[in-house]
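Quick note: the sequence shown uses UniProt numbering, first residue 1, plus one each step. For glycine and all other residues, C-beta sits at the position ideal for the given N, C-alpha and C. In what follows, a structure is listed as structure tokens, so that the remarks can point back to it.
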Amino acid sequence: MRASKGGETVYMIYRAVTYGLSPLINLHLRWRKFRRLEHPLRWPERLGRPSLPRPPGLLIWFHAVSLGEGMCVVPVIKRCVERMPDVTVLMTTTTASAFEVLKNLLPCGVIYQFAPVDTPTAVNAFLQYWKPYALVLVENELWPNLVLSASTNGVMLALINARMSIKSFNNWSRPVVRLLAALMLSKFSLILPLSNIQAIHFQLLQAPPFIINFSGDLKLGAEEWINMGNMEDLKGSIADRCVWMASSIHRGEEEVMLGVHRALMQKHPNILTIVVPRHPHFGQEIASDLQKRGVNVAVRSHGDSLTSETSIYMVDTLGELRQFYRLVPIAVIGGSFLPGLTGHNISEAAAAGCAVLIGQHVGHFSNMIMAMQRLNPLSIMQVGIITLITKAS
């Protein structure tokens with residue numbers, strides 16, 4: 001009881017602070033819109049302002065932060081639509097990149113909106129308009145105003161594919177913040193963690209044990225966006241060449257991959273390296289820098305053709321990752337070679353039949369890696385930067 005009152009006190013402070021910061025957050029959103037990081041027309045949805053009418057009847061709200069989380073929940077949404085055709089489904093994400101892909105994957109009738117920022121005004125406006133019966137959060141979207149305001153409004157809460165990194169767990173375990181975490185988790189009716197370790201994290205933060213169940217990793221069955229584009233032409237262009245792919249590359253990792261590319265060129269002068277940056281706009285920055293160094297780079301978003309002289313093919317587009325995995329025998333998964341990064345989904349590359357290499361910084365994806373290595377020890381290998389470049393040479 002005392003912990004609950006402590007959590008409510010901490011929340012009242014958080015609520016007051018976020019209310020006071022609302023004007024600055026609004027300005028920040030406008031700045032993001034100016035930088036093309038928010039949707040140019042629909043960005044007011046982030047302030048809780050709807051752009052579509054609410055149909056009458058029961059409404060279930062699914063929220064995922066970005067593209068990866070959104071794609072893994074699409075099959076769940078499709079099953080809901082099949083089994084409950086009279087229920088309206090609302091899907092929200094926070095990124096424009098997720099919007100561009102998910103709008104083509106969601107079933108007919110599903111409403112797509114951008115999620116409100118975690119201020120009292122935006123969250124309350126969103127809840128009052130949409131009036132959801134239940135809110136299903138994906139992975140680690142624990143926002144105090146969102147969770148506690150939804151609970152106050154009688155919304156049922158669930159957290160699926162739930163995960164909490166060591167860093168997040170340590171942050172939520174701090175003496176004062178821990179009270180707020182316990183208060184939020186007490187409002188959930190269901191938590192589906194990715195693993196036993198994740199379940200322990202939630203229980204240590206006072207999540208009621210009886211609400212924790214297991215359903216496996218939804219990312220293993222993530223939806224695929226069928227957009228073949230010119231894949232057949234590409235397959236023909238690279239048929240006689242050695243090719244490998246570096247996917248989900250973060251800033252700083254491009255130098256690692258360039259080192260691997262140069263090492264491979266010593267043995268295979270006609271090597272083609274396909275680079276898929278984590279964020280498309282970063283791809284054009286990498287391409288521009290490499291071109292200044294004299295590297296022959298073709299950029300997919302520019303419609304550049306692959307020639308025998310092309311060394312690096314920059315895939316700065318969305319939703320095509322699985323198709324590219326099918327073109328290559330080896331995939332190096334980024335977001336894992338520098339401290340502070342936490343890895344990315346390896347199941348897509350493995351399912352395409354790629355030999356998978358990944359770095360040492362993998363976060364909660366360690367569970368997926370261990371599961372795959374138990375099935376086939378040679379299917380995936382964790383390597384450091386030096387080992388990766390040394391083996392390439």
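- Beta-bridge pairing by DSSP links W244 to T273.
- An exposed status is given to P40, since fewer than 16 other beta-carbon atoms sit within 10 Å of its beta-carbon.
- 9 angstroms or more divides the Cβ of T9 from the Cβ of T119.
- At the C-beta level, L318 and V76 stay beyond 9 angstroms of one another.
- At a Cβ-Cβ threshold of 9 angstroms, S248 and H364 do not count as neighbours.
- Taking the Cα of V276 as reference, the smallest distance to any Cα among G259, T307, W244, L179 is reached at W244.
- Of the candidates H201, L234, Q203, L194, the residue whose Cα lies closest to the Cα of S215 is L194.
- Shortest Cα-Cα distance from Q284 to any of P269, E82, S301 involves S301.
- In terms of CA proximity to L234, L272 leads the group L264, L272, E255.
- Here DSSP, grouped into helix, strand and coil, assigns Y11 to helix.
- Only residues of its own chain outside the window of five on either side were considered, and among them P193, I212 have a CB closer than 7 angstroms to the CB of A199, listed in chain order.
- Judged by pairs of C-beta atoms under 8 angstroms, the segment 259-273 does not touch the segment 287-294, as fewer than three such pairs exist.
- If you check the CB distance, L185 and A207 come in under 9 angstroms.
- Within the same chain, Cβ atoms closer than 7 angstroms to the Cβ of T310 are found at L272, N296, A298, the five residues on either side in sequence being excluded.
- If you look at N161, you'll find it in the beta strand (DSSP E) that goes 156-162.
- Per the coordinates, the alpha-carbon of K5 lies some 14 angstroms from the alpha-carbon of P175.
- In this structure, the alpha-carbon of N170 lies about 20 angstroms from that of Q360.
- If one requires a minimum length of 3 residues, the beta strand (DSSP E) runs lying completely within the segment 257-303 are 272-277, 297-299, in chain order.
- Looking at the DSSP output, T93 bridges to F114.
- Under the three-state reduction of DSSP, M84 is assigned to coil, being neither helix nor strand.
- Counting only the Cα atoms, G48 lies some 41 angstroms from E255.
- Across the structure, P23 and L327 are spaced so that their CA atoms are roughly 48 angstroms apart.
- Closest option to I197, judged by alpha-carbon separation, among F188, S173, R163, E253: R163.
- In the displayed model, F62 falls within a strand according to three-state DSSP.
- DSSP links Q382 through a beta bridge to I358.
- For T95, same chain residues with a beta-carbon under 6 angstroms away, outside a window of 5 residues either side, are S66 in chain order.
- When DSSP states are grouped into helix, strand and coil, Y313 belongs to the strand group.
- Taking all protein chains shown into account, H201 has 16 or more neighbouring C-beta atoms within 10 Å of its C-beta and is therefore buried.
- DSSP places I200 in the uninterrupted alpha helix (DSSP H) bounded by 196-204.
- Using a Cβ-Cβ distance cut-off of 8 angstroms, the segment 134-154 and the segment 109-126 are in contact, since at least three pairs of beta carbons, one from each stretch, lie closer than that value.
- Shown here for S168: same chain residues with a beta carbon closer than 7 angstroms to its own, the five before and five after excluded, namely N140 in chain order.
- Sorting H28, A246, I13 by C-alpha distance to the C-alpha of A349 places A246 at the top.
- Its chain contains P132, L135 as the residues whose beta carbon lies nearer than 6 angstroms to that of V155, once the 5 sequence neighbours on both sides are disregarded; these appear in chain order.
- In the DSSP assignment, V123 falls within the alpha helix (DSSP H) that extends over 120-130.
- By the Cβ neighbour-count rule, S149 is buried, with 16 or more other Cβ atoms within 10 Å of its own.
- Counted as a single uninterrupted DSSP element, the alpha helix (DSSP H) harbouring L148 occupies residues 144-152.
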